[in-house]
Amino acid sequence: MAEIQLRNLSKRWGSFIGVNNFDLTIADQEFLVLLGPSGCGKTTTMRMIAGLEDATEGEIWIGDRQVNDLDPKDRDVAMVFQSYGLYPHLNVYENIRFPLKVRKADPATHDERVMKAAEMVELTEFLHRKPAELSGGQRQRVALARAIVRKPSVFLMDEPLSNLDAKLRVSTRAQIKNLSHELKVTTVYVTHDQIEAMTLADRVVVMKAGVVQQVGTPTDIYDNPANTFVASFIGSPAMNLMDGDLRDGTFTGKNVEITGLNGADGPVTLGFRAEDASVAEAGTSGAVNAPLYTIELLGDATMLTVRAGGQMVSVKAHKEYRAGIGDPVSLAIPAAICHLFDRTTGARIA
Ligand code: ATP
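So in the UniProt record's numbering, the last spot in the sequence shown is 350, and the numbers never skip.
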């Protein structure tokens, strides 16, 4: 069992707060993704779990041990970094075997364990090559094999895909997901890429400026973002947001009116997802009319962006939809697809 408990964990450098009161239990075998923009504190959180950074306050438990005062090597965690961290003078086989040697695992088991790990990441044919003779994707697979060769209690992965090109990132991502399913080891994975987070995570923690904004399954976070920050960080494109006022169930923004909403009167930000809205016939009652700003063909759909309510708004239309830039477009934005946030705090209200 390797449940991880982070109890009121904080990191400060002088008066600067890198991580503020992070409090979460990560279940045994869970794949948890820390997601947020650069500088939000996700790497620092992971480094505190690894023991590479001391916590200023709070407790870290791995299984039934409080590990705050343990050295990294005694925490039974294996790390995978963006920069691979391979030993250049060792070949692939020796790199993968390295943790077994350091931990003095029974030498009679080394060969079998290295071969099994290499096989899991499809490196069997490269065992005699040095890291310099491998592609970036192959190097990252060596780093993965080195992490899985001894079954640690916890995997910590810091942006392991960011140095790979787009295609390789997708295939390596699938491989990590499959490995994690096979190995069933509690994993904390850091990324600023929301698609990586959505595709890999059992649960996602969205962070901003050291503070946790929301913890939830990818579906929770996508369907019920806790605030405008999460709404605008998750999804591609991000949720459309328009500022306005709610009165008697009617939202009024710049050139936009949407009726039938629930919520108390006041200044609000209204949000909806591009794929939930649709293009309406010109003149449809209740539709929002706006000139087309740009049109992008995605293959499976056509993305329209208009200026509505003083903001850019994207809507996914049928793949055969065509229009010219500047043409008038009517958008159906029914109340049922709308999210409402407090305009001042950004917190979700409906
Ligand atoms: P990135 O995606 O860019 O790696 P991150 O979310 O992982 O960002 P952290 O590396 O955790 O962010 O950094 C959080 C904040 O703490 C940043 O503002 C960073 O500048 C600051 N920070 C990190 N290490 C130190 C340090 N040793 N001294 C002072 N401030 C630091």
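Ideal placement from N, C-alpha and C gives every residue a C-beta, glycine not left out. Predicted, not measured: the structure shown is a model, and the values here were computed from it.
- When Cβ pairs closer than 8 Å are counted between the two stretches, the stretch 36-43 is seen not to touch the stretch 91-110, the count staying below three.
- Contact residues of the ligand ATP (beta-carbon closer than 6 Å to any heavy atom; chain order) are TRP13, PHE16, GLY18, GLY36, SER38, GLY39, CYS40, GLY41, LYS42, THR43, THR44 and HIS192.
- Taking GLN5 as the centre and dropping the five residues before and after it, the same chain places the C-beta of THR25 and TRP61 closer than 6 Å to its C-beta, in chain order.
- Taking 8 Å as the cut-off, the beta carbon of LEU331 is found closer than this to the beta carbon of ALA287.
- Uninterrupted alpha helix (DSSP H) stretches at least 4 residues long and entirely within the stretch 168-240 occur at 194-200, 218-223 and 228-233, given in chain order.
- The stretch 79-144 is shown to contain whole alpha helix (DSSP H) runs of 4 or more residues at 92-102 and 107-120, in chain order.
- As the crow flies, the alpha-carbon of ILE337 is around 8 Å from that of GLY271.
- Excluding five sequence positions before and after GLY58, the CB atoms of its chain that fall closer than 6 Å to its own CB belong to ARG7, ASN8, LEU9 and SER10, given in chain order.
- In the same chain as THR56, and ignoring 5 residues on each side of it, the C-beta atoms closer than 8 Å to its own belong to SER10, LYS11 and ARG12, in chain order.
- In this structure the stretch 152-167 touches the stretch 188-198; the number of beta carbon pairs closer than 8 Å is three or more.
- Here ALA238 has SER232 as same chain residues with Cβ atoms under 6 Å from its own Cβ, once five neighbours each way along the sequence are excluded.
- Excluding residues up to 5 positions away in sequence, THR305, VAL306, ARG307, MET312 and ILE325 lie with their Cβ nearer than 8 Å to the Cβ of TYR293 in the same chain.
- Excluding five sequence positions before and after PRO37, the CB atoms of its chain that fall closer than 8 Å to its own CB belong to HIS192, LYS208 and PHE233, given in chain order.
- Residue environment: THR219 is assigned as exposed (fewer than 16 neighbouring CB atoms within 10 Å of its CB, all protein chains considered).
- DSSP lists no bridge partner for LEU261.
- Annotation for ALA301: LYS316 and LYS319 place their beta carbon closer than 6 Å to its own, counting only its chain and skipping 5 residues before and after.
- Here ASP248 has ASP265 as same chain residues with Cβ atoms under 8 Å from its own Cβ, once five neighbours each way along the sequence are excluded.
- LEU168 sits away from PRO131, with the two beta carbons spaced by 8 Å or more.
- In the DSSP secondary-structure assignment, GLU59 is bridged to ARG7.
- Considering only PRO72, VAL204 and PHE22, the residue with the shortest C-alpha distance to GLY216 is VAL204.
- Beta-bridge partners of ALA290 (DSSP): VAL329.
- DSSP places THR252 in the uninterrupted beta strand (DSSP E) bounded by 250-253.
- Nearest neighbour of ASN255 by Cα position, chosen from ASN289, ARG322 and ALA174, turns out to be ASN289.
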